[in-house]
Amino acid sequence: MSDQIPKDVRNEIKFVAFAKDYYYLLHWLKLHPAGFYSIHPDRKVNNIYFDSHDYVAYTDNLSGASYRRKVRYRWYGNSLTPGQGVLEIKHKRNFCVWKSLFKIPESPYKPKASWNSIQRHLYLQVPDAGKNGLTKIQCLYS
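Per the numbering used here, the sequence shown starts with residue -6, numbered consecutively.
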């Protein structure tokens, strides 16, 4: 897995806004010449985030590091326990954002399973390219 910026990145700009400006901003987005719109129907998105033992992803985010990654397991639906989903490695370099996505065919969760066994079951389903990226940030079972 390369740390090079791919050609199909998106630009992500975040800013702080006050609650009183919510409707103003919503109106601005709807009328913006770029034609912003939602590409997905309303749905419930569930995430579990992973980090190293020394919180590298967390501290990179707080410090505003120009290049950082975060790893999450994402599944959709109303279940609070992880189902079939996707392991995502989200890369951010300045305002450029891209993701490496790895489909996980089987739920990593089993009733009464320990956290270590859940991580191991998830890790074993990740293709080698994804495992290489995980090793670099030392976050999932390895």
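Glycine included, every Cβ here is placed at the ideal spot set by N, Cα and C. Computed from a predicted model, the values in this text were never measured in an experiment.
| Query | Result |
| --- | --- |
| DSSP on residue 6, reduced to helix/strand/coil? | coil |
| Is it buried or exposed, residue 11, if we count other Cβ atoms within 10 angstroms and call 16 or more buried? | exposed |
| Is the beta carbon of residue 101 less than 8 Å from the beta carbon of residue 111? | yes |
| Please give the ranges of any alpha helix (DSSP H) in the region 47 to 75, keeping only runs that are unbroken, at least 4 residues long and fully inside the region. | 49 to 56 |
| Could you give the first and the last residue of the continuous alpha helix (DSSP H) run that contains residue 109? | 108 to 117 |
| If residue 83 sits next to residue 63, beta carbons under 8 Å apart, how far is it from one beta carbon to the other, in whole angstroms? | 5 Å |
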